[in-house]
Structures are given as structure tokens and as C-alpha cells.
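Undergrad: Take a look at the following structure, please.
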Amino acid sequence: MSLNFYRRIAFGLSPQDELPQEPLSWALNQLNTVPDFLWKGSIPTEKELRKKYGEWVYGDREVLRKKFKNDKNAYRKAKDQLRIETGERYFELNEHAIRHYQTKYGTQPVFERFWLFWGNHFAISEKDFLAEFSTGPYQREVIRPNMLKTFEDMVQAVTTSWCMIHHLDNSESVGPNSKRGVESRDTINENHARELLELHTVSPRAGYTQEDVIQLAYIMTGWSHKWSRKTLETGDVWFDQEKHQKGEKIVLGKKYKNDAKRELAKVIHDLATHPMCIKFVSTKLCRHFISDEPTEEMINPVIEAWNKSNGNLIEIHKAVVTQAFKYNDTSHKFHPPEIWLMQLSRMFDLNTPLSAEKMNYAFKSKPTGRQGQLSWILREIGNSPYRAKQPNGWSDFEVDWVSPELLLRRFWFASVELPYLLKPQNRSHGFILRCLKNNFEDHENMASLIHQFRFGTTDKDLGRQYGIICNLPGVLKV
Amino acid sequence: MNCTRRNFLIGGSTTLFLSGFFPKISFASMQKKNLIIISLRGGMDGLTAIPVIGDKRLKKLRKKLILEDVLKLNSDFGLHPKLEIFHQLWNQDKAAFVHATNIPYTGRSHFDGQNLMETGAHIPYKEKTGWLGRGLLASDIVGKGLAISLPMPLLLRGVPQNNNFFPSPDFVETKLIDRIYDEFKGDHNALIKSTLDTIRQRPLSMQIATDSEDRKKLALEAAKQLKDQSGPRVAVFELDGFDTHAAQGGVDGAHADELEEVNEIVKILYENLGSAFDNTLILTLTEFGRTIKQNGGYGTEHGYGSAILMAGGLLKKSQVYTDWPGLKKKELFEGRDLNSTIDSRAVYNSAMSICFNKDPEFLRREVFWGDDLPNLTEDLFKI
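Respectively, the protein sequence lines represent chains E and U. For the first sequence, the residue numbers in this note's numbering are 339 to 816. For the second sequence, the residue numbers in this note's numbering are 20 to 402.
This is the structure:
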């Protein structure tokens with residue numbers, strides 16, 4: 339087994355990490371518990387951040403727009419001040435720091451890779467102010483605690499989370515025969531129902547029809563945010579009986595009798611245990627960790643583990659790791675930019691994210707350039723994690739990540755920005771060689787490519803060394 | 020602009036034409052023709068962009084989404100006021116629209132739909148290349164595709180050596196790339212290797228650093244590249260955000276904001292391509308249109324038929340080209356969507372035929388598996 343296993347399922351080995359004696363059991367043992375967050379700075383709750391979200395939209399929409407309706411410049415100024423007071427410019431940066439601190443220093447990095455996977459499977463794409471206030475805490479509080487439970491539990495939690503309900507417009511969905519529907523002649527919004535089928539569970543290969551989407555949307559009517567004049571759309575999720583479509587519903591051939599809020603849990607149970615769902619999600623897991631085009635031999639043991647454990651995520655994760663181990667030396671996997679950055683940060687002990695102390699924010703002025711640095715880098719390398727363009731999240735296919743500009747941005751980061759992130763004591767050629775030895779069998783060949791720059795210690799010299807090393811085929815891929 | 024060997028040869032032979040050695044071939048045929056596609060992801064609402072005038076049923080079903088004032092095109096159709104440049108070009112016979120058109124896909128999934136609008140196929144995820152990439156390859160035009168986006172769109176895949184343009188914040192020493200280039204060996208590294216090839220062969224004019232968040236700058240740079248006789252012949256722009264399930268709006272609102280972005284790109288291209296605009300076709304592409312009826316959130320749901328917005332000097336005339344299916348309940352697709360009466364792939368096939376100087380029959384076979392796509396070149400474009 340080659341050393342790249344530690345990057346295939348985690349982030350490589352840091353200078354402080356010991357080389358595991360038994361790589362497979364080292365990895366499997368990381369999946370039984372949910373590790374605490376190591377971040378020493380502030381970790382606000384989802385509820386606190388939603389309150390901030392509310393203050394921001396209320397302040398802007400209900401107060402400032404009315405107050406300054408005839409003075410564009412004064413409006414802009416007041417709005418900037420409100421951004422500062424509500425942390426609109428800050429919380430996403432803090433979330434990136436929490437996330438990257440965990441992948442850099444975490445003692446269960448394999449668990450963290452699965453956390454990233456599920457956050458992207460149940461993706462929240464760039465919409466309204468979700469990236470600013472909600473996607474980070476959603477991944478911490480909705481995705482993460484469910485990673486020891488069943489896939490069905492995860493789908494239940496995600497589907498009724500405020501973040502997903504808002505993301506996919508379910509609050510706007512009204513059953514036409516419900517009390518509200520009859521009064522207002524409002525009707526359903528299919529967005530959430532469609533993505534629950536297509537992206538989160540059974541996938542289009544299950545062969546559902548437009549009528550199935552409509553029927554599922556009927557079941558989902560009523561699940562919405564509680565609206566009030568002060569909190570606007572940021573109230574807790576509840577089941578609003580007055581919006582719920584009455585009567586029997588049929589999804590994928592199965593009847594669901596009129597049962598108000600209990601209908602949703604029943605249909606999610608059937609979707610999350612559907613054979614097409616199991617196949618679709620198992621394939622996606624193998625694609626993420628093993629190969630763009632996983633074979634049936636790779637996927638089948640994951641499906642078996644799923645069936646045997648009734649969808650227990652610990653067992654599913656273990657099966658994926660076992661398969662990744664088995665195929666480690668015979669399959670290749672290209673990593674998207676954020677995971678590549680996390681690996682560089684861990685392997686070369688980069689000075690990112692910023693310390694908790696320096697990330698501290700007083701809500702009195704704009705976040706500093708240093709506080710925004712990690713988020714800026716993520717954006718520039720094309721992979722700002724909470725800002726996927728669409729609800730299907732970030733791609734797991736190499737071909738979506740290889741273009742001249744996307745590769746150039748990796749060259750840019752490694753050769754121009756990375757030297758600023760090296761700790762003072764690590765600015766030597768000897769340090770690179772040690773890190774390479776920890777992580778790569780062919781470290782001698784890699785070292786020979788930067789041999790001529792070995793005496794340089796300026797940013798430019800180091801940029802040449804890291805610019806080459808970080809973009810070698812064995813670093814971009816495992 | 021950089022003078023490559025190829026450029027020099029073209030320049031040389033043009034002189035021969037001008038001096039009368041080959042009188043039968045006009046100078047115009049030597050001009051590079053540009054095909055520009057703007058992808059509108061999320062499902063562009065054809066009835067918002069090109070509203071049908073005075074339809075009572077539409078007014079009834081879309082109470083909150085009706086446009087109060089539209090730019091007039093003809094007695095039947097108007098134009099969304101944010102698409103102002105198209106109106107200006109319409110008056111010069113340089114803008115036209117195909118209405119009630121779509122790819123032959125009725126599934127209403129964004130991701131399947133976007134995959135099919137790019138591959139031009141019938142089964143989602145089956146084909147790994149885009150119709151535009153295959154069209155270029157079939158026409159022996161290699162290394163002339165340019166994407167104005169960070170990833171390489173599926174639409175352009177299938178022909179090697181495409182470029183994209185979305186500059187990073189600072190320069191990268193090309194020596195770095197040269198140094199690692201030989202390390203990329205084996206089949207599994209072929210894609211990265213060929214992409215590094217493309218980077219190494221980029222013209223100097225593309226090696227700039229700028230703010231890529233600024234779409235206007237990107238469109239301006241793209242126009243410069245396209246204007247260059249030896250530059251790209253095909254460009255792909257990417258816009259998203261057309262999926263307006265809520266607060267879609269009318270003259271202003273979520274859909275209007277997106278249309279304004281299309282307008283901005285076309286305007287910059289028009290103003291900066293100069294005379295090259297006369298040898299250019301700009302066409303939009305989307306996965307589906309939207310429902311006739313507004314939904315519970317004053318937005319619209321995923322539908323079927325949409326419209327193609329077109330601009331450029333290679334258009335035959337200003338027109339709304341359509342076989343209008345009507346908006347009565349029984350005329351709608353599944354009783355809810357504008358129907359599609361023109362396979363939009365026929366429009367794209369015909370456009371490639373014009374811009375790549377290839378027989379549409381040939382392209383239909385090579386690119387679209389011989390699917391039944393009528394030749395629309397005479398109806399839509401200058402031949």
C-alpha cells in the first residue's frame with residue numbers, strides 16, 4: 339500500500355503526524371465517533387446565526403430601504419454599517435476557519451472527509467444569504483451529528499432543516515386544496531420535492547414521473563418557516579397544517595393516506611431505503627473516494643454493507659474506506675481544489691487558517707484582509723465551499739476541474755500565495771524534503787525537480803519550489 | 020496581436036486575392052466567422068424575454084408577472100425592456116428570435132436538461148462531449164474554442180486544445196509549467212497533459228491578470244480575442260440564476276436581472292467587435308422554459324418550450340421565427356408548459372454550418388447522429 343492512501347481518504351500526513359502502523363484500521367477506527375471541533379474561537383449556533391440573518395434582512399428590507407428611499411448614497415453607507423453590525427461579511431470567513439482548522443489538525447481526518455462529502459451531497463447552493471449565515475452551521479449541526487445514524491435519519495434531518503427548506507423554496511409551496519390554497523389560490527412549488535428525489539435520494543434512474551414530483555410536493559406542503567413581522571423568513575421550521583394538501587398521495591406507486599405531518603417521514607423512509615437510492619449514493623461515495631468511473635466490483639460491497647446494516651452510516655463509511663484501501667494502488671482520483679488546499683495545508687503545515695485570536699471580530703469595522711484571506715483563496719482556486727452554483731453541489735469528476743484557468747490558478751496559489759503561508763521555521767529546503775518523504779514514495783524524484791532552487795529562501799525561490807511540487811501529477815491526484 | 024506562422028500565411032494569401040489572382044472567391048469568405056453561445060442555466064423563461072402580446076390567458080395565469088411595458092417587435096411579440104440592445108439590433112436586421120423551441124427533453128430536471136443541452140443527446144450523462152466540440156472537430160477547427168468561465172463547459176468538450184479565459188489575480192511563470200510538463204505520463208494524465216499543452220501555446224494577449232468577478236471586463240477581453248483574425252472562432256459564456264421559483268418579477272425582478280446580464284454581454288460584444296460583428300452569430304442556450312402559470316411564490320416552475328435570442332451580422336433579417344403552438348390549455352405541453360415546435364438543435368446545427376462553412380447535412384450526421392433536424396440556414400442566416 340502506498341502512502342497516497344492517507345490523501346485518498348484524508349489530507350495526507352502533517353510533520354507532527356505519526357506514520358500509522360496499520361493504515362486500514364487507523365482509518366476505520368476514525369469513523370465510530372463524531373469528533374469535537376478543535377477551533378478555539380467562536381462557534382455560533384445555527385439558531386444564533388439565523389437570528390443574525392433575520393436582523394440583516396429585516397434591517398435592510400424593512401428599515402433602511404424605507405428610510406433612505408430617496409438617497410442612494412446614504413442608503414449604501416447605512417447598509418455597509420448594517421453588514422458590519424450583523425456580521426454579514428464575517429461569519430462565512432469564520433466558518434471557513436472552523437472547517438479548515440478541523441481538516442488541518444483533526445485527529446479523525448477520515449471522518450472529516452466524509453463530513454465534507456455529505457455537506458456536498460446535501461448541497462446548499464449560493465442563494466440569498468445562506469452562504470453568509472447558514473450553510474456553515476447547517477453542515478455543523480444538521481449533517482455532522484447524523485453521521486453515526488442511518489442515511490434515512492440524515493435525510494429526515496436535512497429535509498426539515500431551515501437551511502434546506504429555504505434553499506429549495508418549500509415555504510412557498512401551498513397545497514391547492516388546503517385552507518390557504520383555497521383562500522389565496524396559491525399552489526405548490528416543486529423545487530424541493532424534485533431535488534429530494536433527484537439529488538438527495540433515488541436519482542432520475544429510479545424512473546419517477548412529473549406526477550410523482552407533484553405528489554411528493556403535496557406531501558411536503560406545510561413544511562415551512564414560521565413567518566413573523568420581525569423575523570421574516572428566518573423563523574423556525576414548523577408544519578403549517580393550513581398549507582397542507584389534503585387527501586391521499588401516491589409516490590412511485592405507493593399510496594400515502596392523508597396523515598398530515600406524518601406523511602413526510604413515511605415517504606422519506608421509502609425513498610431512503612429504495613434500492614435505486616442505495617445504488618445511487620453508494621456509487622457517488624465510490625466516485626468521490628476511488629475513481630471517476632467506479633466499477634460494480636468497487637460499488638457492490640458498499641451496497642451490501644448498506645443493506646446489511648439497514649443504512650447505518652458508520653458501516654457504509656467503513657465499507658467505502660475498505661474499498662478505497664483495496665483499490666488504492668490501482669485506481670486514480672483527481673482531487674477538487676478545496677481538498678487539494680486542505681492537503682497542502684496539512685502536509686506542509688501552512689499558516690492557515692488564521693489563529694482564533696486573530697479571527698476574533700468586534701462587529702465594529704470590516705473584517706481585515708487577513709481574516710478574509712482563506713475565503714479569498716478558496717474563491718480564487720474556484721471552490722468556495724458554500725457557493726456551489728446549483729443544488730447538485732460540486733462535481734466529483736476530474737473533467738469538471740481541469741481547464742487552463744483552473745490549473746493556472748493552482749499554479750498561481752502554490753507559486754505566489756503559498757510562500758506567505760509558510761511558518762518562519764519552515765522556510766528551508768530541508769523542510770520540504772521531510773514533508774515529501776512523509777507523504778510520497780517517489781519523493782526523491784520529486785526533490786530532484788526542485789534541486790536547483792534548494793538554496794533559495796526568498797518568497798520567489800520558495801514559490802518556484804512549491805509551485806512545481808504542489809502541481810505534480812502525484813499531488814493533484816492519488 | 021501576435022503574428023503566428025498561420026496568421027502570416029493567411030495574410031499573404033489574402034494579398035493574392037486582392038490583387039486579382041482568384042477573382043471568384045470573395046474577400047468575405049476569408050473572414051473568420053465567430054459563433055458565440057451564451058448558456059442560460061436554470062431555465063430561461065421565453066415568455067418573459069419575448070412575451071406574446073395581448074394574450075388574455077397569459078395575463079390571467081401570470082397576474083403578478085406581467086410586464087407593464089415591453090419593447091415592440093411585431094404585432095404578435097414584444098421584447099423584455101431589459102433586452103434593449105436586441106431592440107436596437109432588431110432595427111438593423113441584426114437581432115432575431117426563435118420562439119417555442121427547445122431541446123427534445125421534457126423531464127424538467129435542471130441537471131439532466133443542462134447535460135442534454137450541452138451534449139445534444141437524448142439520454143442524460145450518456146455522451147461525454149458537447150455538440151459544439153464535436154462540430155468543431157468535424158469541421159477540422161482545432162484550438163479555436165474559448166470558454167469565458169473557470170471550468171471547461173461540457174458544450175465545448177470533444178475537440179482538443181480549447182482555451183478558457185478567467186484570469187487569476189497574478190501572473191504565473193510559464194517556466195514552472197515547462198518544468199513539470201514531462202512528469203505527466205500515462206493515460207490517466209492525458210487530460211491534464213493536453214490542458215498544459217493549451218496553456219503553453221496561449222497567445223501573449225491571454226496572459227493577463229485581471230478581476231474576473233467583473234463580467235464586463237471578461238466580455239471586453241473576449242471581444243478582443245474574437246476580433247483577432249487568428250484568434251478563437253467560438254466562444255461560450257456562462258450565466259446562471261434563471262431558475263426563478265420565487266419573486267420572478269416582471270419589468271424588474273429576478274428574471275429581469277438575468278436578462279440584463281445577457282443584454283450587457285451582447286452589448287459589449289457589439290460595441291467592441293467592430294466590423295467583426297458582421298461575421299458573428301450570438302445564440303443563447305437553455306435547458307427548458309418555464310410554466311405558463313405562476314406558482315405559490317410568484318415564480319414559475321420548470322417547463323418545456325423556451326426561446327433562443329440571436330444577434331449578429333450573419334442573421335438573415337430581424338424576425339420572430341416560430342411555429343406558434345398557442346397557449347390554450349390543450350395547446351400546452353402536458354397542459355402546463357409552452358410547447359416546443361422547433362427542435363432547438365436544428366438552429367444550432369444550422370448556425371454551425373454557417374460559421375464553420377460546412378454542409379448542414381454533414382454536421383447533422385457527424386454531430387447529432389443523423390437526427391431529424393431540418394436545415395434552417397436559408398430561413399435564419401445569411402448564406
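The beta-carbon is built from N, C-alpha and C at its ideal position, and this holds for glycine as well. Note that this is a predicted model, so its numbers are computed, not measured.
Taking 7 Å as the cut-off, decide whether the C-beta atoms of I122/U and L135/U are in contact.
TA: yes
Undergrad: Quick one: grab the DSSP three-state call for T424/E.
TA: The answer is helix: DSSP assigns T424/E an H, G or I state.
Undergrad: For T525/E, which residues in chain U fall below 8 Å Cβ to Cβ?
TA: In chain order: K312, N314, G315.
Undergrad: Using three-state DSSP, classify V386/U as helix, strand or coil.
TA: Helix, per DSSP.
Undergrad: Let me know if F381/U comes out buried or exposed under the rule of 16 or more other beta-carbons within 10 Å of its beta-carbon.
TA: Exposure of F381/U is indicated by the presence of fewer than 16 other C-beta atoms within 10 angstroms of its C-beta.
Undergrad: Go ahead and pull the three-state DSSP assignment for P42/U.
TA: Note that P42/U has pLDDT 39, beneath the 50 cutoff, so the model's placement of it is unreliable and the number below is only indicative. Coil at P42/U, not helix or strand.
Undergrad: Using a Cβ-Cβ cut-off of less than 8 Å, list which residues of the segment 245 to 259 of chain U approach chain E; keep chain order.
TA: D259
Undergrad: Of all the options R153/U, V178/U, F400/U, which has the alpha carbon lying nearest to the alpha carbon of K336/U?
TA: F400/U
Undergrad: Within a Cβ cutoff of 8 Å, which residues of the same chain sit near G303/E, ignoring the five residues on either side of it in sequence?
TA: Because chain E is modelled from 339 through 816, residue 303/E falls outside the range shown and cannot be assessed.
Undergrad: Would you list, in chain order, the members of the segment 700 to 729 of chain E that have their beta-carbon closer than 7 Å to a beta-carbon of chain U?
TA: E718, G720, K727, Q728
Undergrad: Kindly list the residues whose CB is nearer than 8 Å to the CB of T310/U, restricted to its own chain and excluding five residues on each side of it in sequence; keep chain order.
TA: T319, E320, H321, G322, R355, D356
Undergrad: Look at the Cβ atom of C374/U, then the Cβ atom of L108/U, and state whether they are nearer than 7 Å.
TA: Not a contact, by the Cβ cut-off of 7 Å.
Undergrad: Using a Cβ-Cβ distance cut-off of 7 Å, determine whether N19/U contacts chain E.
TA: This structure cannot speak to residue 19/U, because chain U is shown only from 20 to 402.
Undergrad: Would you call the segment 554 to 562 of chain E and the segment 595 to 612 of chain E touching, i.e. three or more CB-CB distances under 8 Å?
TA: yes
Undergrad: Of all the residues that make up the segment 119 to 143 of chain U, which are near chain E by a beta-carbon distance shorter than 8 Å?
TA: Residues of the segment 119 to 143 of chain U that bring their beta carbon within less than 8 Å of a beta carbon in chain E comprise G126, R127, S128, H129, F130, D131, P143, in sequence order.
Undergrad: Closer than 9 Å between beta carbons: that is the criterion. Which residues of the segment 173 to 193 of chain U meet it against chain E?
TA: L173, R176, N181, N182, N183, F184, F185, P186, S187, P188, D189, F190, V191, E192
Undergrad: Could one say the Cβ of S753/E lies closer than 7 Å to chain U's Cβ atoms, at least one of them?
TA: Chain U places a beta carbon closer than 7 Å to that of S753/E, counting this residue as a contact.
Undergrad: Does DSSP classify S128/U as helix, strand or coil?
TA: In the structure shown, S128/U adopts coil according to DSSP, grouped into three states.
Undergrad: Quick test of your reading: G152/U and G177/U, contact by CB under 8 Å. State the CB separation rounded to the nearest angstrom.
TA: 3 Å
Undergrad: If the cut is a Cβ gap below 7 Å, which residues of chain E does T214/U touch?
TA: V740, S741, P742, L745
Undergrad: Am I right that F672/E and W732/E are in contact with their C-beta atoms under 8 Å? What's the rounded C-beta distance?
TA: With a Cβ gap of about 13 Å, F672/E and W732/E do not count as contacting.
Undergrad: Would you check if the segment 401 to 410 of chain E and the segment 441 to 450 of chain E touch, i.e. whether three or more CB-CB distances between them fall below 8 Å?
TA: no
Undergrad: Tell me the rounded alpha-carbon separation between G379/E and E232/U.
TA: Each residue's Cα considered, the two are about 31 Å apart.
Undergrad: Relative to the C-alpha of R482/E, which candidate in F686/E, K727/E, N370/E has its C-alpha closest?
TA: When each option's Cα is compared against that of R482/E, the closest is N370/E.
Undergrad: With D95/U and I72/U assumed to form a contact (beta carbons below 8 Å), what rounded beta-carbon distance in angstroms separates them?
TA: 6 Å
Undergrad: May I ask you to list the residues that DSSP assigns as paired with R309/U?
TA: H321/U
Undergrad: Below 9 Å on C-beta distance, what does T229/U contact in chain E?
TA: The contacting residues do not exist; T229/U stays about 12 Å from chain E at best.
Undergrad: Per DSSP, what are the beta-bridge partners of T341/U in this structure?
TA: H118/U
Undergrad: So what's Y439/E in DSSP terms, helix, strand or just coil?
TA: helix
Undergrad: Taking C-beta to C-beta, are L712/E and P691/E nearer than 7 Å?
TA: yes
Undergrad: By the three-class DSSP mapping on this structure, what secondary structure does S566/E have?
TA: strand
Undergrad: Quick one: list the residues of chain U neighbouring I806/E, beta-carbon separation under 8 Å, in chain order.
TA: L195, R198, I199
Undergrad: If you follow the alpha helix (DSSP H) that G768/E is part of, which residue opens it and which one closes it?
TA: 767 to 777
Undergrad: Taking only beta-carbon positions, decide if P170/U is within less than 7 Å of chain E.
TA: yes
Undergrad: With 16 as the cutoff for other CB atoms within 10 Å, does L357/E come out buried or exposed?
TA: Classification of L357/E: exposed, given that the 10 Å Cβ count is below 16.
Undergrad: Alpha carbons only, please: which of L814/E, R748/E, G768/E, N777/E is nearest the one belonging to F190/U?
TA: Taking each of L814/E, R748/E, G768/E, N777/E in turn and checking the Cα distance to F190/U, the smallest one comes out for R748/E.
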